[in-house]
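S.K.: Quick one: this structure, given as structure tokens, is what I'll be asking you about.
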Amino acid sequence: MTLSATPTAGLRAVLFVLALVLAAPVAAQSGKIAGRVIDDTNESIPGANVFIVETSAGATTNLDGDYTILNVSPGSYTLRISYIGYTTQTIENVNVNIDQTTRIDVQLQSEDLGLGEVTVRAEQPVVQPDVSNSQANVTAAEIKALPAASVSSVVGLQAGVQGLNVRGSGSDEIAFQVNGLTLRDERNNSPYTNISLASVEAVQVQTGGFNAEYGNVRSGVVNVVTKEGPRDRYEADIIARYSPPTAKNFDGAPNDPDSYWIRPYIDPDVAYTGTDNGMWPLSVQDQYPEFEGWNEVSQRLLSDEDPSNDLTPEALQQAFLWQHRKVIDQGIPDYDVDLGFGGPVPGISRMLGDLRFYASYRREENAYLIPLNTDRYEEQTGHIKLTSNVGNGMKVSVEGRIGTEAGTAASRFGNPGIFRSASGIAGNLSRVSFINSRIFSTDYWAPTEVNSNQFGATFTHAVNQNSFYEIRFNRFASRYDTNPGPLRDTTVVQTFGGVGFDEAPFGFQPNPSTGVDGMRMGVGMSNARDTSRVVVYNARADYTSQLTQIFQVKTGVELNVTDSQVNYGSFDAFLQSSNFIASWNRSPIRGAAYAQSKLELNGMIANLGLRLDYSDAGGEWYEFDVFDQALAGGGSDPIAGLDTS
19 MTLSATPTAG LRAVLFVLAL VLAAPVAAQS GKIAGRVIDD TNESIPGANV
69 FIVETSAGAT TNLDGDYTIL NVSPGSYTLR ISYIGYTTQT IENVNVNIDQ
119 TTRIDVQLQS EDLGLGEVTV RAEQPVVQPD VSNSQANVTA AEIKALPAAS
169 VSSVVGLQAG VQGLNVRGSG SDEIAFQVNG LTLRDERNNS PYTNISLASV
219 EAVQVQTGGF NAEYGNVRSG VVNVVTKEGP RDRYEADIIA RYSPPTAKNF
269 DGAPNDPDSY WIRPYIDPDV AYTGTDNGMW PLSVQDQYPE FEGWNEVSQR
319 LLSDEDPSND LTPEALQQAF LWQHRKVIDQ GIPDYDVDLG FGGPVPGISR
369 MLGDLRFYAS YRREENAYLI PLNTDRYEEQ TGHIKLTSNV GNGMKVSVEG
419 RIGTEAGTAA SRFGNPGIFR SASGIAGNLS RVSFINSRIF STDYWAPTEV
469 NSNQFGATFT HAVNQNSFYE IRFNRFASRY DTNPGPLRDT TVVQTFGGVG
519 FDEAPFGFQP NPSTGVDGMR MGVGMSNARD TSRVVVYNAR ADYTSQLTQI
569 FQVKTGVELN VTDSQVNYGS FDAFLQSSNF IASWNRSPIR GAAYAQSKLE
619 LNGMIANLGL RLDYSDAGGE WYEFDVFDQA LAGGGSDPIA GLDTS
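Numbers in our numbering are just positions in the sequence shown, counted from 1, shifted up by 18.
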């Protein structure tokens, strides 16, 4: 039987819980600075002014001399502390990490001592006390020193992470956020990581102990914060890496005269009379495929009833070399370039709350192990972020992103995936059928392109010195296009022994086509089709409050709606029995509410939280008993000829 989803009751429950928990602070994309101000007799100084020079955000110490500055974007700052009758003190190099507390305790000196303004440099603790989970923080300066060309590789250098796989789980099980906005392609739940390194201010990787604010995550959380752009100057950043053309395999090329695929057909000792003619020792025969010889192939063609394929042994060998002419050594370099530029918007910055921007562009190209339908993987992305302080304690950030990935599809069934690395291609050339077709043709896999775009906005309002809230909206869309390349030109372009040959094995050919050595050059090629379109809308609100110097509370609500128009499959015009299409148009909804607290006391950190998640698949599903014997393996029909005992 089928059941229709009825979200009304569930939504009421969610709304009820949201109404109860909507009251608390700090977004995971910001940190805070806290500490105590004392005098030269170790007595507390109430009413001292503490502010961040770069942002003018600040706080006043309470009766115990304690202060807290909330909602500080990650980065390095200068802190200035002043009070009447005491020498002003400036502290440089105050580093703030995502969702962490930087503690700066200050001792002011009396002006009676005759000292001028004091400047000191903050020292970073070897062990971060403000951590209750497994995490690593990487700053923009540290990123430049790393052997990393992308955000993914920065993440992959952290302990417990391999690529984007955290603690053995795949990248589809992590949460990837940029400026608090989730960048996830919900076609396959994969993160969108094509972020310009030049625009990155900080990266945080969490591999365990997640707070209640994080949902739809199993193995890890990656938070990325991008630069806002200075208010009073312009800055530019360029990061470029170049690798000259080089072979990406450890042995000779597949079309090398001594290669596995070529030598039996051109070695004069065996090419005409066969690899088992006794000219090769058995140790050599075992290293190459068995071949009957061009004499035998020519005799078979001459004896059939088709005069159009009557080829001499010499002509057959020439045709073989023509059909294996693919240039494997491409001579293509690998490179990536990141460009970033930001500062105040000319002419209107002061009128619009210090309106500032940061724009970035990234492009990467990686040559394939061997040319496929395309000879490389390409990706590029452009991003711009506008930030304005629209009022007292209020800030708005608006950002947009557009990106493209292009290459050869890694799936022959229309599933997402593009060949990126040499190892990924090598894995598809190992212990599979039609390996020579995959190597020497161009269209065994189809070309593919994925276009993405994102728009996001964040509004932050500091209600008072101890509380603020953030409201975010994000839209992320992806469009897939996987289809065969141009059809093969079947006109004669080469003649051997009076027989004409077309441009095979190049070009897409849906009809049967076989090389002189039996290599498949048509049918079963470029079967993948994909025209899916997926758009994700996300809205979120978080409220943070520092109730006491040691106790912070945060609550939030989130709504996620996906417009999923998926249309993919596999199509072969000749072998139609295996064709299939998967198509659906659904709009699943997810909602969440959470409340969490953070206790910081003498180096002890404790987090306690509660999260409620709601999900509506936006369609129908089957209700079944997982213990039903009809669903057990024993209830299935055994495959003919297979011993199931």
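The beta-carbon is built from N, C-alpha and C at its ideal position, and this holds for glycine as well.
Compare the C-alpha of Asp130 against each of Glu191, Thr105, Asp84 and Gln118 and name the closest.
M.R.: When each option's Cα is compared against that of Asp130, the closest is Thr105.
S.K.: Output needed for Asp643: all residues of its chain with C-beta closer than 7 Å, excluding positions within five of it in sequence on either side, in chain order.
M.R.: Around Asp643: no qualifying Cβ.
S.K.: To the nearest angstrom, report how far apart Ala66 and Thr73 are at their CA atoms.
M.R.: If you take the alpha carbons of Ala66 and Thr73, they lie about 18 Å apart.
S.K.: Count the other CB atoms, across all protein chains shown, that sit within 10 Å of the CB of Ser217; report buried if there are 16 or more and exposed otherwise.
M.R.: By the neighbour-count rule (16 or more Cβ atoms within 10 Å), Ser217 is buried.
S.K.: For Gly445, report the span of its alpha helix (DSSP H) as first-last.
M.R.: From DSSP, the alpha helix (DSSP H) with Gly445 extends over Ala440 to Gly445.
S.K.: What distance in whole Å lies between the Cβ atoms of Ser316 and Pro331, which are believed to be in contact at a cut-off of 8 Å?
M.R.: Contact flag correct, Cβ pair sits at about 5 Å.
S.K.: Mind checking who Phe477 pairs with in its DSSP beta bridge?
M.R.: Its beta-bridge partners are Val414 and Ile489.
S.K.: Just to confirm, is the Cβ distance from Gly311 to Gly296 under 8 Å?
M.R.: No; because the gap between Cβ atoms is not below 8 Å, this pair is not in contact.
S.K.: Measure how close the beta-carbons of Leu88 and Lys50 come, nearest whole angstrom, since I'm counting them as under 8 Å.
M.R.: Contact holds; Cβ gap of about 5 Å.
S.K.: Within this structure, are the beta carbons of Asp250 and Gly358 separated by less than 8 Å?
M.R.: In this structure, Gly358 does not lie closer than 8 Å to Asp250 by Cβ.
S.K.: For the beta strand (DSSP E) holding Phe375, just list the boundary residues, first then last.
M.R.: Start and end: Arg374 to Ala385.
S.K.: Where does Tyr85 land, buried or exposed, given buried means 16+ other C-beta within 10 angstroms?
M.R.: That one is buried.
S.K.: DSSP three-state call for Met543: helix, strand or coil?
M.R.: Note: Met543 maps to coil in three-state DSSP.
S.K.: Counting along the chain, where does the beta strand (DSSP E) carrying Val90 start and finish?
M.R.: Asp84 to Val90 is the span of the beta strand (DSSP E), which, as asked, contains Val90.
S.K.: Report the rounded CA-to-CA distance for Asp383 versus Tyr353, giving the unit in angstroms.
M.R.: Inspection of the sequence shows that residue 383 is occupied by Glu rather than by Asp. Between Glu383 and Tyr353, the C-alpha separation is close to 6 Å.
S.K.: For Leu164, count neighbouring C-beta atoms within 10 Å of its own C-beta (all shown protein chains included) and say buried if the count is 16 or more, exposed if not.
M.R.: Flag for Leu164 reads exposed.
S.K.: On the three-state DSSP scale, how would you describe Gly233?
M.R.: Correct three-state label for Gly233: coil.
S.K.: Please report the distance separating the alpha-carbon of Ser601 from that of Asn267.
M.R.: Rounded to the nearest angstrom, the two C-alpha atoms are 39 Å apart.
S.K.: Tell me whether Ser214 is buried or exposed, calling it buried when 16 or more other Cβ atoms sit within 10 Å of its Cβ.
M.R.: Buried is the call here.
S.K.: Return helix, strand or coil for Gln341, following the three-state DSSP convention.
M.R.: Note: Gln341 maps to helix in three-state DSSP.
S.K.: For the candidate residues Val196, Asn625 and Glu141, whose alpha-carbon lies nearest to that of Ile402?
M.R.: When each option's Cα is compared against that of Ile402, the closest is Val196.
S.K.: Alpha helix (DSSP H) containing Asn313: first to last residue?
M.R.: Trp312 to Ser321 is the span of the alpha helix (DSSP H), which, as asked, contains Asn313.
S.K.: Could you name the residues of the same chain whose beta carbon sits closer than 6 Å to that of Ile607, not counting the 5 residues immediately before and after it, in chain order?
M.R.: So the list reads Val579 and Asp634, once near-sequence residues are dropped.
S.K.: So the candidates are Tyr278, Arg374 and Asp304; which of them puts its Cα closest to the Cα of Glu253?
M.R.: Comparing Cα positions, the closest option is Arg374.
S.K.: So is Arg380 buried or exposed if we call it buried at 16+ other beta carbons inside 10 Å?
M.R.: Answer is buried; the Cβ neighbour count reaches 16.
S.K.: Return the bridge partner residues of Ala159 from the DSSP annotation.
M.R.: Looking at the DSSP assignment, Ala159 forms no beta bridge with any residue, so it has no partner.
S.K.: Please classify Tyr260 as buried or exposed, where buried requires at least 16 neighbouring CB atoms within 10 angstroms.
M.R.: The residue is exposed, with fewer than 16 neighbouring Cβ atoms inside 10 Å.
S.K.: Buried or exposed: which applies to Ser321, given that a residue is buried once 16 or more other Cβ atoms fall within 10 Å of its Cβ?
M.R.: With fewer than 16 Cβ atoms within 10 Å of its Cβ, Ser321 is classed as exposed.
S.K.: Cutting at 7 Å between CB atoms, please list the residues of its own chain near Asn407, excluding the five before and the five after it.
M.R.: The answer, listed in chain order, is Gly371, Asp372 and Lys413.
S.K.: Output the distance between the C-alpha atoms of Leu404 and Ser91, rounded to the nearest integer angstrom.
M.R.: Straight-line Cα distance between these residues: approximately 15 Å.
S.K.: Rounded to the nearest angstrom, what separates Asn603 and Gly536 at their Cα positions?
M.R.: Each residue's alpha carbon lies about 43 Å from the other.
S.K.: CA-CA distance, Ala377 and Phe473?
M.R.: Their Cα atoms are separated by approximately 14 Å.
S.K.: Taking the alpha-carbon of Arg139 as reference, which of Ile109, Ser128 and Asn529 has the nearest alpha-carbon?
M.R.: Selected option, being the one with the closest Cα: Ile109.
S.K.: Once you ignore the five residues that flank Gly525 on each side, which residues in its own chain have a CB closer than 8 Å to its CB?
M.R.: Thr460, Asp461, Gly503, Pro504, Leu505, Arg506 and Asp507.
S.K.: Decide yes or no for the touch test of the region 386–403 against the region 413–427: beta carbon pairs closer than 8 Å, at least 3 of them.
M.R.: Yes, they touch.
S.K.: Taking DSSP's pairing of strands, which residues face Gly93 in a bridge?
M.R.: Val114, per the DSSP bridge assignment.
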